[in-house]
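Peer 1:
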Amino acid sequence: MAAAMELSCWGEGWGLPSVHTESLVVLAYAKFSGAKLTIQPVDWTWKTLTGTVPALHCEGHTVTEPAQILNFLRKQRYNADYELSAKQGADTLAYIALLEEKLRPALLHTFWVDTENYTNLTRPWFASRCPFPLNFFIPGRQARVALSLILLTKGESPLHSITEVEAKVYNEAKECLNLLSHRLGTSPYFFGKMPGSLDAFVFGYIAPLLKASLPSGPLKQHLNQLTNLCQFCDAVLKTYFDDDAPGSPPVSQDASVDANLQKLTQLVNKESNLIEKMDDNLRSSPQHKPRAPPARPTTLSSQKNSTPA
Numbered sequence: 001m002a003a004a005m006e007l008s009c010w011g012e013g014w015g016l017p018s019v020h021t022e023s024l025v026v027l028a029y030a031k032f033s034g035a036k037l038t039i040q041p042v043d044w045t046w047k048t049l050t051g052t053v054p055a056l057h058c059e060g061h062t063v064t065e066p067a068q069i070l071n072f073l074r075k076q077r078y079n080a081d082y083e084l085s086a087k088q089g090a091d092t093l094a095y096i097a098l099l100e101e102k103l104r105p106a107l108l109h110t111f112w113v114d115t116e117n118y119t120n121l122t123r124p125w126f127a128s129r130c131p132f133p134l135n136f137f138i139p140g141r142q143a144r145v146a147l148s149l150i151l152l153t154k155g156e157s158p159l160h161s162i163t164e165v166e167a168k169v170y171n172e173a174k175e176c177l178n179l180l181s182h183r184l185g186t187s188p189y190f191f192g193k194m195p196g197s198l199d200a201f202v203f204g205y206i207a208p209l210l211k212a213s214l215p216s217g218p219l220k221q222h223l224n225q226l227t228n229l230c231q232f233c234d235a236v237l238k239t240y241f242d243d244d245a246p247g248s249p250p251v252s253q254d255a256s257v258d259a260n261l262q263k264l265t266q267l268v269n270k271e272s273n274l275i276e277k278m279d280d281n282l283r284s285s286p287q288h289k290p291r292a293p294p295a296r297p298t299t300l301s302s303q304k305n306s307t308p309a
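Just so we're aligned, residue 1 is where the sequence shown starts under UniProt numbering, counting upward by one.
Printed below as a string of structure tokens:
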């Protein structure tokens, strides 16, 4: 049996399995590759104040940062990029770097620096996950950290005012979204019929922007015009995260109506989640091929309304 793996990440909200971009990346990749994770939602407490999220725990080892966690999963033979060519692998790295450089600063600004969004959405959500008295100063500290990161990466000369920096950040983010939309085209995923690393990163970045109820959302308005990216995000949610399949955060206790559905879904998928014993020598052992979307009983799926991808 494979070693048990536990993922500490920010919990669900806004119709997503996590409101945190980096956590969403890891959750999506785990679904795509068939890795079975035990999810441990976290909040800001005195114990986790200096911790890094997401964090993967396995056999006494802890791995942080999405790229490192994905590499760790690949070493355990959970490789969603198994069928990519060398060129597709290089393109994947290039687009991920583009997301980090062009889209991430705009997301930080949208959720943590934009006054209207921060006051009405971001701060209330995160403050509700912090015990007293952390709820009074932790969100504000995160907002200051976000602004510092934006100015550090985008505030070079001759951009001296915050208004000029903001304009540059959003222009670059829109260009990034346009490039992603063009690359995706009419395909369900970025490379072939199965999702991979790039799909996980794109989903993690655009899903909070698409699903959060942002009072101020110029970047969200632009994303809504790129219908193929919106459909891509909805398709990933519907295919891999509906019914709380294994690997997504647990439902709340008051959702008793869905309890039986969750248990039955887990039983249906249990057989497909059996994993061979880990082999440290990757070159001499085959890789796990990406797992197909979890099957669901016809009688159950017919009871739910489905939205075309």
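C-beta: ideal position from N, C-alpha, C; glycine also. None of these values were measured; they are calculated from a predicted model.
(1) For chain C, is any of its Cβ atoms less than 8 Å away from the one on S85?
(2) Would you say L180 and L229 are within 8 Å of each other, going by their C-beta atoms?
(3) Helix or strand or just coil, what does DSSP make of P41?
(4) Would L282 be called buried (16 or more neighbouring beta carbons within 10 Å of its own) or exposed?
(5) Counting along the chain, where does the beta strand (DSSP E) carrying S8 start and finish?
(6) According to DSSP, simplified to helix, strand and coil, what is C130?
(7) Keeping to the same chain, check which residues put their C-beta closer than 7 Å to that of L226; ignore five residues upstream and five downstream.
(8) Identify the residues that DSSP records as bridge partners of H57: which are they?
(9) Secondary structure at P204, three-state DSSP: helix, strand or coil?
(10) Alpha carbon to alpha carbon, what distance is there between N79 and S285?
(11) What residue range is occupied by the uninterrupted alpha helix (DSSP H) comprising H222?
(12) State yes or no: is the C-beta of L99 within less than 8 Å of the C-beta of F232?
(13) So P208 and T21 are supposed to be a Cβ contact under 8 Å. How far apart are they, rounded?
(14) Short check: CB of S85 to CB of P54, under 8 Å?
(15) Looking at L27: is its Cβ nearer than 8 Å to the Cβ of S18?
(16) Less than 8 Å separating the beta-carbons of H57 and E6?
(17) Curious, which full-length alpha helix (DSSP H) runs of at least 4 residues does the stretch 88-123 contain?
(18) Is DSSP giving L210 helix, strand or coil here?
(19) Is G15 a contact residue of the ligand HEM, with contact defined as CB to any heavy atom under 7 Å?
(20) With 16 as the cutoff for other CB atoms within 10 Å, does P131 come out buried or exposed?
(21) To the nearest angstrom, how far is the alpha carbon of I162 from that of A146?
(22) Label Q76 either buried or exposed according to how many other C-beta atoms from any shown protein chain fall within 10 Å of its C-beta, with 16 as the threshold for buried.
(23) Go through its chain and collect everything with a Cβ distance to P66's Cβ below 6 Å, but skip five positions before and after it.
(24) Tell me, please, which residues DSSP counts as bridged to G13.
(25) CB-CB under 6 Å to W14, same chain, minus the five flanking residues each way: which ones, in chain order?
(26) Just to check my reading of the structure: D91 and S197 have Cβ atoms closer than 8 Å, yes? What is that Cβ distance to the nearest angstrom?
(27) Would you tell me roughly how many angstroms separate the C-alpha atoms of L107 and P215, rounded to the nearest one?
(28) Only counting the same chain, and skipping five residues up and downstream in sequence, which positions put a Cβ closer than 6 Å to that of E172?
(29) Can you have a look at N117 and say buried or exposed, based on whether 16 or more other CB atoms are within 10 angstroms of its CB?
Peer 2: The answer reads as follows:
(1) Checking the listed chains, one finds no chain C in this structure; it contains a single protein chain.
(2) Position 180 of the sequence shown, counting from 1, holds the residue named residue 180. Position 229 of the sequence shown, counting from 1, holds the residue named residue 229. It is a contact, given that the beta carbons lie within the stated cut-off.
(3) Against the sequence shown, residue 41 aligns to sequence position 41. P41 falls in the strand class under three-state DSSP.
(4) As a position in the sequence shown, residue 282 is number 282, starting the count at 1. The predicted model places L282 with a pLDDT of 39, which falls under 50 and marks its position as unreliable, so this point remains unresolved.
(5) Within the sequence shown, the letter at position 8 stands for residue 8. Run containing S8: M5 to W10, per the beta strand (DSSP E) assignment.
(6) Here the question's residue 130 lines up with position 130 in the sequence shown. The answer is coil: DSSP assigns C130 none of H, G, I, E or B.
(7) On the sequence shown, position 226 is the one that residue 226 refers to. Contacts found: L177 and S181.
(8) As a first step, residue 57 is located in the sequence shown; it is residue number 57 there, counting from the start. Its beta-bridge partners are E6 and T62.
(9) Walking along the sequence shown from the start, residue 204 turns up at place 204. Rather than Pro, the amino acid found at residue 204 in this sequence is Gly. Looking at G204 - three-state DSSP - the assignment turns out to be helix.
(10) Locating residue 285 in the sequence shown gives position 285, counting from the first residue. Locating residue 79 in the sequence shown gives position 79, counting from the first residue. Caution applies to S285, whose pLDDT of 44 falls short of 50 and renders its modelled position unreliable; the model cannot decide the point.
(11) The residue labelled residue 222 in the question sits at position 222 within the sequence shown. From DSSP, the alpha helix (DSSP H) with H222 extends over P218 to Q225.
(12) Counted from its first residue, the sequence shown places residue 99 at position 99. Counted from its first residue, the sequence shown places residue 232 at position 232. Their beta carbons are not under 8 Å apart, which means L99 does not touch F232 by this criterion.
(13) Counted from its first residue, the sequence shown places residue 208 at position 208. Counted from its first residue, the sequence shown places residue 21 at position 21. Indeed, because the Cβ distance is near 6 Å, the residues count as touching under 8 Å.
(14) Stepping through the sequence shown from its first residue, residue 85 is reached at position 85. Stepping through the sequence shown from its first residue, residue 54 is reached at position 54. Their beta carbons are not under 8 Å apart, which means S85 does not touch P54 by this criterion.
(15) The residue given as residue 27 occupies position 27 in the sequence shown. The residue given as residue 18 occupies position 18 in the sequence shown. When the beta-carbon positions are compared, L27 and S18 come within less than 8 Å of each other.
(16) In the sequence shown, counting from the first residue as 1, residue 57 sits at position 57. In the sequence shown, counting from the first residue as 1, residue 6 sits at position 6. Yes, these two residues count as a Cβ contact at 8 Å.
(17) Fully enclosed alpha helix (DSSP H) runs of 4 or longer: 104-108.
(18) As a first step, residue 210 is located in the sequence shown; it is residue number 210 there, counting from the start. If DSSP states are grouped into helix, strand and coil, L210 belongs with the helices.
(19) In terms of ligand content, the structure shown is empty, and the ligand HEM therefore cannot be addressed.
(20) As a working mapping, residue 131 is identified with position 131 in the sequence shown. Answer is exposed; the Cβ neighbour count stays below 16.
(21) Locating residue 162 in the sequence shown gives position 162, counting from the first residue. Locating residue 146 in the sequence shown gives position 146, counting from the first residue. Cα to Cα, the separation comes out at about 13 Å.
(22) The residue given as residue 76 occupies position 76 in the sequence shown. Q76 should be labelled buried.
(23) Residue mapping note: residue 66 aligns to position 66 of the sequence shown, counting from 1. Within the same chain, P66 has close Cβ partners E22, V25 and V26.
(24) Along the sequence shown, read from residue 1 onward, the residue named residue 13 stands at position 13. G13 is bridged to L16.
(25) Working through the sequence shown from its first residue, we reach residue 14 at position 14. Same-chain partners within the cutoff: K211 and A212.
(26) By 1-based counting over the sequence shown, the position of residue 91 is 91. By 1-based counting over the sequence shown, the position of residue 197 is 197. Contact doesn't hold; Cβ gap of about 11 Å is too wide.
(27) Translated into positions along the sequence shown, residue 107 becomes position 107. Translated into positions along the sequence shown, residue 215 becomes position 215. Their backbone Cα atoms lie some 14 Å apart in a straight line.
(28) The residue given as residue 172 occupies position 172 in the sequence shown. Excluding positions up to five away in sequence, the list reads K102.
(29) Counted from its first residue, the sequence shown places residue 117 at position 117. By the neighbour-count rule (16 or more Cβ atoms within 10 Å), N117 is buried.
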